[in-house]
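> A single structure is presented below for examination.
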Amino acid sequence: MADLELVKGATEDIYMVLADRDGPITSGSFSTFTYELFQNGVVIQTTSGTALPAGRVKFSFDATDTGTPGHYQGHVRATRANSTVAFFPSERAHAVVIREAPTPS
């Protein structure tokens, strides 16, 4: 089962809560957020995020980000002003599926 399922060519926003074992983290401690979509350990697509209250981050995918159907992994790379990096989720990447768009009937 996928943690995140997208449709080929989707241009939707997704919202994620950055959290650790203690709950949501303060996104204000980070300066940039990037969602990295990868396959076989190689990053193939990235999109920048916008910090929202309560540890939430919004990512806007465009049609090229979701252009190739398949099974991927993904995570958020959060970078602090001092250039240190944290990944969310920290224990395992998201399972991401990009599926074909339904055929109109």
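Residue numbers (my numbering): 369 to 473. Positions of the beta carbon are idealized from the N, C-alpha and C atoms, including for glycine.
Opposite Arg448 in the DSSP bridges: which residues?
Bridge partners of Arg448: none, in fact.
> Check whether the stretch 424-432 touches the stretch 459-469, counting contact only when three or more Cβ pairs, one atom from each stretch, lie closer than 8 angstroms.
No, the stretch 424-432 does not touch the stretch 459-469.
> Just how far apart, CA to CA, sit Thr418 and Tyr440?
About 22 angstroms.
> Going by C-alpha to C-alpha distance, which of Pro472, Val385 and Glu373 sits closest to Leu405?
The residue with the shortest Cα to Cα distance from Leu405 is Glu373.
> The beta strand (DSSP E) that contains Gly417, what's its start and end?
That run of the beta strand (DSSP E) goes Val410 to Ala419.
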